[in-house]
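There are 2 protein chains.
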Amino acid sequence: MPDSIPADSVGLVSPQSLHFDSPLTLESGRVLSQYDLVYETYGELNDRASNAILICHALSGDHHVAGYHTLEDKRPGWWDNIVGPGKAIDTNIFFVVCLNNLGGCSGSTGPTSINPETQRLYGPEFPIVTVTDWVNSQAILADKLNIQQWAAVVGGSLGGMQAMQWAIALPERLRHVLIIAAAPKLSAQNIAFNEVARTAIKSDPDFHEGYYASHQTIPRKGLGLARMLGHITYLSDEAMGAKFGRELRHGSLNYGYDVEFQIESYLRYQSESFVEHFDANTYLLMTKALDYFDPAKHFGNDLAKAVADIQAKCLVLSFTTDWRFSPERSHEIVNALLSANKQVTYAEIEATQGHDAFLLPIERYHQILTAYLQGIAKEVRSV
Amino acid sequence: MPDSIPADSVGLVSPQSLHFDSPLTLESGRVLSQYDLVYETYGELNDRASNAILICHALSGDHHVAGYHTLEDKRPGWWDNIVGPGKAIDTNIFFVVCLNNLGGCSGSTGPTSINPETQRLYGPEFPIVTVTDWVNSQAILADKLNIQQWAAVVGGSLGGMQAMQWAIALPERLRHVLIIAAAPKLSAQNIAFNEVARTAIKSDPDFHEGYYASHQTIPRKGLGLARMLGHITYLSDEAMGAKFGRELRHGSLNYGYDVEFQIESYLRYQSESFVEHFDANTYLLMTKALDYFDPAKHFGNDLAKAVADIQAKCLVLSFTTDWRFSPERSHEIVNALLSANKQVTYAEIEATQGHDAFLLPIERYHQILTAYLQGIAKEVRSV
């Protein structure tokens, strides 16, 4: 619980929900006849609806970006250090929107929702959704909120892929795109890590082919393993070394298979807390959305062609020790944008924290974001 | 099956076994009252026993380094491209020894052996063994083979750690040490990967706390996951990309959870074949030996002090795209050796294959090994 809500917080916030009953045809060909989207907003939409910023969440994120749901909350939203009054994404200036993606497990329709056609949980029957599907559903939400054009669409990691897809697929609907710690597609190694995570979940006997809810259980061990593995790829070797080194949990070696090093204890704790609030079917689905993202695929694997229609100005950011989506992956994006004569600003930020850096209050990172967003704010006043 | 045994092969070979009934006290304090060591030898020991080379195996290796056990064997030993007549480790010149390490599952006493005190399988009751324990048992085997001093002790990865430990702990018993693709200790990230692998094995319901044999089962899924994960760390992102890219298994996306990309298919196949011949308790034990290796620990974390007594000449090799034990980790070894005024040759070999490179026929690598071993051969003639 925060002793008191900090002055630069958006404060107490509540999620909102909208029901959509126009069918949504997914990239797979399957159709969601109706669905709900849960979202939060911070700040106020101006009269011309020119100050709206969409934040897209990553694999395990949700719509709760900033502020607190209750005074008892131990922690604020996942990007509270970026979003708030006077912060980089300044809610005194911008109207910020973030939704829980379709297929998520935090309120929007997904595997943990009731399928209206069967009156049972979707579970593993929820269709696989893609980054394109998310962008389409986000655009439908934007319509409902009367936002014709975003001042910016912003995202890190899988969120950055959504931001990129917005700029590619709906070029007139955003003026800026901020693509942070992302990649234009997964590498074979990225896919391999996802496949190990999926195999861990699916081979947990409590998975029951995805119907664990009707067995009153959850695949704790499999999902926990997936999360442990995820954590390794989110942190740099350097950050892990600095944080845990080879420090022993109990001072001396026990020559057994209990927790020995602090890093083991950390991973176990992280995975145990994660499995209590995240849905395994959603985790599977999110990793598939990552695997499938490949905007150049429809353009003969030429990323420059894929981004040819982009109208938004682009900010691309990467972090030096990120080995999940390394700076080289951002270079691919930047090079394609440059080849296509797009306006792009790129910064590679020195950071020891690996992929996780995009979530953390790193001074240079926040300076760059603040400066860039101030430029957008100026435009907002003149739009 | 080889159509015929190649001319530069050591040919048909047979493992040998020795029984030891002098108790061996392990680093953990536990005692093995008796044990067997299985080993192979190639070439002939000369009269002065000055031409013997010990090869130490890595995590999933064994004593079968070169040649074929039968004419039906599909593949030769694991380092057949290095060891044979006229090869880098030339069996026309050297007498080569490799044993299955204690705790292994290929014939030496380990979890799959009968505990003479209980007449039941050791299973999870087999004590945790360390690199130091292995070196001690290897020295006992050397005594039995009348090898007072090795011309060289050679190893890659975990094998390189054993070679390093030989040079540190028994400095008079080797003239050269070849430390390939190794590290002076695991990083927190290395330990984290091991912990995920162990958790996968231990949380498989077929593990039965390690007593799977008495349940007539093996923890296939957990061990398979551990192996899949291992494979990712053995290959470079580059090598995976070159080998698999994002190639689809069935030509088009299936929007489901079956195998989609070639890399997924490869990992599944690799893990399925591995679990049929490797023991899960041994896998756990090997990863612990890796975690525990830290020769500087007893010297105030000063590696230069740890290597101060080394008498062997040292060759240290690393591979550019190895991210499991990167060239930087070899630099740590080299810098410590230089600080301690040891004679050390170092080469960082351009290779796209990642950690696996140490097992592969890479021209520059084999040239360097060949040249270095020819130097040792000259010394052998003059010893």
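Those sequence lines, one after another, are chains A and B.
Note that this note's numbering has the first sequence beginning at 180, numbered continuously upward.
Note that this note's numbering has the second sequence beginning at 180, numbered continuously upward.
Beta carbons: idealized from backbone N, C-alpha and C, even for Gly.
None of the values given here were measured: they were computed from a predicted structure.
Apply the 10 Å Cβ neighbour rule to residue i and answer buried if 16 or more other Cβ atoms are within range, or exposed otherwise.
| i | result |
| --- | --- |
| residue 189 of chain B | buried |
| residue 448 of chain A | exposed |
| residue 500 of chain A | buried |
| residue 191 of chain A | exposed |
| residue 295 of chain B | exposed |
| residue 210 of chain B | exposed |
| residue 265 of chain A | exposed |
| residue 270 of chain B | buried |
| residue 180 of chain B | Because residue 180 of chain B carries a pLDDT of 47, less than 50, the predicted location of this residue cannot be relied on, and the following value inherits that uncertainty. Residue 180 of chain B is exposed by the Cβ-count criterion. |
| residue 280 of chain A | buried |
| residue 470 of chain B | buried |
| residue 561 of chain B | exposed |
| residue 212 of chain B | exposed |
| residue 242 of chain B | buried |
| residue 429 of chain B | exposed |
| residue 193 of chain A | exposed |
| residue 437 of chain A | exposed |
| residue 233 of chain A | buried |
| residue 226 of chain B | exposed |
Name the chain A residues that come within less than 7 Å of residue i, Cβ to Cβ?
| i | result |
| --- | --- |
| residue 378 of chain B | 404, 407 |
| residue 432 of chain B | 471 |
| residue 423 of chain B | 367 |
| residue 207 of chain B | 434 |
| residue 304 of chain B | Under the 7 Å cutoff, chain A gives no residues; its nearest Cβ is about 11 Å from residue 304 of chain B. |
Answer yes or no: the CB of residue i versus the heavy atoms of the ligand COA, is any distance below 8 Å?
| i | result |
| --- | --- |
| residue 524 of chain B | This structure does not include the ligand COA; it has no bound ligands of any sort. |
Whose CA, out of the options, lies closest to the CA of residue i?
| i | options | result |
| --- | --- | --- |
| residue 336 of chain A | A/412, A/321, A/452, A/403 | A/412 |
| residue 223 of chain B | B/307, B/238, B/309, B/325 | B/325 |
| residue 484 of chain B | B/365, B/348, B/532 | B/348 |
| residue 231 of chain A | A/303, A/240, A/220 | A/220 |
| residue 422 of chain A | B/300, B/371, B/489, B/330 | B/371 |
| residue 389 of chain A | A/382, A/303, A/380, A/327 | A/303 |
| residue 427 of chain B | A/308, A/514, A/529, A/366 | A/366 |
| residue 217 of chain A | A/403, A/515, A/289 | A/289 |
| residue 451 of chain B | B/233, B/464, B/399 | B/399 |
| residue 395 of chain B | B/464, B/559, B/530, B/386 | B/386 |
| residue 375 of chain A | B/401, B/494, B/363 | B/401 |
| residue 536 of chain B | B/360, B/397, B/510 | B/360 |
What does residue i touch in chain B if you count any residue whose Cβ is under 7 Å from its own?
| i | result |
| --- | --- |
| residue 503 of chain A | None at all; the shortest Cβ gap to chain B is about 10 Å. |
| residue 416 of chain A | 366, 368 |
| residue 371 of chain A | 411, 419, 442, 446 |
| residue 384 of chain A | 384 |
| residue 400 of chain A | 382 |
| residue 314 of chain A | Under the 7 Å cutoff, chain B gives no residues; its nearest Cβ is about 17 Å from residue 314 of chain A. |
Using DSSP's beta-bridge definition, name the partner residues of residue i.
| i | result |
| --- | --- |
| residue 331 of chain A | A/232 |
| residue 221 of chain A | A/275 |
| residue 492 of chain A | A/355 |
| residue 527 of chain A | A/497 |
| residue 247 of chain B | B/191 |
| residue 294 of chain A | A/299 |
| residue 263 of chain A | A/269 |
| residue 199 of chain A | A/214 |
| residue 324 of chain A | Partner(s): none; residue 324 of chain A has no beta bridge. |
| residue 204 of chain A | A/210 |
| residue 427 of chain A | A/440 |
Give the residues of chain B in contact with residue i, contact being defined as C-beta atoms less than 9 Å apart.
| i | result |
| --- | --- |
| residue 463 of chain A | 436 |
Report the neighbours of residue i on chain A: residues whose CB is nearer than 8 Å to its CB, in chain order.
| i | result |
| --- | --- |
| residue 381 of chain B | 436 |
| residue 512 of chain B | None at all; the shortest Cβ gap to chain A is about 16 Å. |
Within the 9 Å Cβ cut-off, does residue i reach chain C?
| i | result |
| --- | --- |
| residue 188 of chain B | The chain inventory of the structure shown lacks chain C, comprising the protein chains A and B. |
Under 8 Å Cβ-Cβ, which residues of chain B neighbour residue i?
| i | result |
| --- | --- |
| residue 375 of chain A | 404, 407, 408, 411, 446 |
Worksheet item: Are the stretch 466–486 of chain B and the stretch 339–354 of chain B touching, with three or more C-beta to C-beta distances below 8 Å?
Response: yes
Are at least three pairs of beta-carbons, each pair with one atom in the stretch 310–320 of chain A and one in the stretch 197–206 of chain A, less than 8 Å apart? yes
Should the stretch 307–315 of chain A be called in touch with the stretch 200–220 of chain A, which here means at least 3 C-beta pairs below 8 Å?
yes
>> Three Cβ pairs or more, each shorter than 8 Å: is that satisfied between the stretch 355–375 of chain A and the stretch 431–446 of chain B?
In response: Counting C-beta pairs closer than 8 Å gives three or more between the stretch 355–375 of chain A and the stretch 431–446 of chain B, which meets the contact rule.
Please confirm if the stretch 376–385 of chain B is in contact with the stretch 347–364 of chain B, defined as three or more CB-CB distances below 8 Å between the two stretches. Flag = no, the stretch 376–385 of chain B and the stretch 347–364 of chain B do not touch.
query = Would the stretch 233–241 of chain B and the stretch 543–556 of chain A be scored as touching if the rule is three or more Cβ pairs under 8 Å?
reply = no
| Contact the stretch 402–412 of chain B vs the stretch 480–495 of chain B: 3+ CB pairs below 8 Å | no
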